[in-house]
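Everything in the sequence shown is counted per my numbering, starting at 270 for the first residue and increasing by one.
Quick notes on the structure that follows.
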Amino acid sequence: MAEDAQGNADRTVVGVDGSPGAREALVWALTDAVRRDVPVEVVSTFPVQLFLADPFTLDAGQLEAVRADTLSRARAQVAEVRAETRLTDVPVEVLAVAGPPAPMLLAASEDAGMLVVGSRGRGAVRRLVLGSVALSSVTHARVPVVVVHPAADGEVPDGAAAEGEAAEGEAPAGPPRVVVGLDGSAASTLALERAAREAALLGAEVHAVSAYSSASYWSDAYAVVLPPPEQLAEEVRVAAERQVAAAQLPGGVPVRVESLEGPAGHVLVAAARGARLLVLGGHGQGAVRGLLMGSVALHCVLSGPCPVMVVPEPHEGGRHATEA
Numbered sequence: 270m271a272e273d274a275q276g277n278a279d280r281t282v283v284g285v286d287g288s289p290g291a292r293e294a295l296v297w298a299l300t301d302a303v304r305r306d307v308p309v310e311v312v313s314t315f316p317v318q319l320f321l322a323d324p325f326t327l328d329a330g331q332l333e334a335v336r337a338d339t340l341s342r343a344r345a346q347v348a349e350v351r352a353e354t355r356l357t358d359v360p361v362e363v364l365a366v367a368g369p370p371a372p373m374l375l376a377a378s379e380d381a382g383m384l385v386v387g388s389r390g391r392g393a394v395r396r397l398v399l400g401s402v403a404l405s406s407v408t409h410a411r412v413p414v415v416v417v418h419p420a421a422d423g424e425v426p427d428g429a430a431a432e433g434e435a436a437e438g439e440a441p442a443g444p445p446r447v448v449v450g451l452d453g454s455a456a457s458t459l460a461l462e463r464a465a466r467e468a469a470l471l472g473a474e475v476h477a478v479s480a481y482s483s484a485s486y487w488s489d490a491y492a493v494v495l496p497p498p499e500q501l502a503e504e505v506r507v508a509a510e511r512q513v514a515a516a517q518l519p520g521g522v523p524v525r526v527e528s529l530e531g532p533a534g535h536v537l538v539a540a541a542r543g544a545r546l547l548v549l550g551g552h553g554q555g556a557v558r559g560l561l562m563g564s565v566a567l568h569c570v571l572s573g574p575c576p577v578m579v580v581p582e583p584h585e586g587g588r589h590a591t592e593a
């Protein structure tokens, strides 16, 4: 179908299963691959439990037939998407592998540049906002993961709309934006540096957002400790500007810093309306040590109004998460 993507550490891995969510993830991955000039590895999985449940039904020929059918369906979906989007020049390899989807995608993407998944797949309960594959990917992947949410009614998928257009109820039209959450942590600095690289590819500005809260507390003693809201907002903004100044960002990418009041997850989701991408560190100041994803990142992945990228911290012996 296209040149072999195996062994290419800069390739993008995307999971497909025939669902609408996987299709949107595939569209996003192919569109992004054009900007990044990388090949795409499309991975579709098929279960083996049905064959292993009864040793008398375990048949290599049947298993191969399922693999071949899965591969044929995945190739058909890729061909359809490539034709509809005219993204026919992207090198693509399609694989069908036996096993549960989440572990297989994590294994396939271990040495890739990025993993892209839909927010819900074929196996997700319809009322769930986030499928188990997407949740497992963002909590365990060693590379940046992009979770692509379904387009809202009337909204055009990434790459098909004019820059700056926003669907009804979204942020006003303006320059394309990549939103990133800052909290002073090393994880959010990694996210900021990655967001700037993504903005450079998109011809967008970085909208760096820091959240603060001046919520009322039961004890009136906090009134003495906490500064007035206006002072708190200014202090948070200044701290964010210092974090931006200290980061290693590509030249020519505009960065706009803003401090907004409210719970961080809600603030970032609201700020990301109409954005091309929301970028987050795997965990920040509020994360419990040992957890791979903090509550803010989880909230944004669940509720993001645009594709959400979660940037993990670099693992020992691996590449830096922002190098891809």
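We put the beta carbon where it would ideally sit given N, CA and C, even for glycine.
heavy atom of the ligand FAD below 7 angstroms from residue i C-beta
| i | result |
| --- | --- |
| L451 | Ligands are entirely absent from the displayed structure, and the ligand FAD is therefore not among its contents. |
For residue i, the nearest candidate out of the options (CA to CA)
| i | options | result |
| --- | --- | --- |
| V282 | P360, S288 and L549 | P360 |
| A515 | E467, S454 and P444 | S454 |
| P602 | L470, P498, V548 and E379 | The first residue shown for the chain is 270 and the last is 593, placing residue 602 beyond what the model contains. |
| V285 | D301, R466, R305 and E310 | E310 |
| V347 | V366, E333, A294 and P583 | A294 |
| P308 | T314, T300 and F315 | T300 |
| P419 | E349, A291 and T458 | A291 |
| P497 | H476, E530 and L546 | E530 |
| G648 | E353, V335, V350 and D380 | In the structure displayed, the chain extends from 270 to 593; residue 648 sits before or after that span and is not available. |
| E582 | A352, V475 and L461 | L461 |
| V577 | Y481, L404, A502 and D452 | L404 |
| S564 | C575, G534 and R545 | G534 |
| L356 | D306, L364 and A509 | D306 |
| V386 | G287, G450, L501 and S528 | G287 |
| Q500 | S482, V513 and Q517 | S482 |
| W297 | S378, A465 and S388 | S388 |
| M383 | R463, P370, G450 and P523 | R463 |
| G443 | V317, D358 and E474 | E474 |
| V303 | D279, P316 and G450 | D279 |
| V536 | P523, V448 and G472 | V448 |
Exposure label - residue i; buried when at least 16 CB within 10 Å
| i | result |
| --- | --- |
| V507 | exposed |
| R511 | exposed |
| R446 | buried |
| G330 | exposed |
| G521 | exposed |
| S313 | buried |
| E467 | buried |
| P289 | exposed |
| V557 | Because the pLDDT at V557 is just 39, under 50, the model does not fix this residue reliably, and the point stays unresolved. |
| R525 | exposed |
| A566 | buried |
| G337 | Here residue 337 is Ala; the residue named in the question, Gly, does not match the sequence. Burial call: exposed. |
| E362 | buried |
| L459 | buried |
| P574 | buried |
| G559 | Its pLDDT being 35, under 50, G559 is placed unreliably by the model, and the measurement read from it follows with that caveat. Under this definition G559 is an exposed residue. |
| A509 | buried |
| G550 | buried |
| V450 | The question names Val, but residue 450 is Gly in the sequence shown. By the 10 Å Cβ count, G450 comes out buried. |
| H523 | Looking at the sequence provided, one finds Pro at residue 523 rather than His. So P523 counts as exposed. |
Residue i, enclosing beta strand (DSSP E) - first and last residue
| i | result |
| --- | --- |
| T314 | V309 to F315 |
| H476 | E474 to Y481 |
| V580 | V577 to V580 |
| A365 | V361 to A367 |
| V447 | R446 to G450 |
Residue i, enclosing alpha helix (DSSP H) - first and last residue
| i | result |
| --- | --- |
| G330 | A329 to T354 |
| R466 | A455 to L471 |
| A410 | No alpha helix (DSSP H) contains A410, which DSSP labels as neither H nor E. |
| G534 | A533 to A540 |
| S564 | S564 to S572 |
| Q512 | P498 to A515 |
| P372 | P370 to A377 |
Which residues DSSP lists as bridging residue i, in chain order
| i | result |
| --- | --- |
| T300 | Its beta-bridge partners do not exist; DSSP assigns none. |
| S528 | S479 |
| V416 | V386 and V577 |
| T281 | V309 and M383 |
| V548 | V449 and M578 |
Margin query: Counting beta carbon pairs with one atom in the segment 366-377 and one in the segment 534-541, are three or more of them shorter than 8 angstroms?
Written below: no
Notebook entry, point to check: Does the pairing of the segment 336-347 with the segment 399-412 give three or more beta-carbon distances under 8 angstroms?
Noted result: no
Next item on the list: Taking 8 angstroms as the threshold, find out whether the segment 410-419 comes into contact with the segment 570-586 through three or more Cβ pairs.
Entry: Flag = yes, the segment 410-419 and the segment 570-586 touch.
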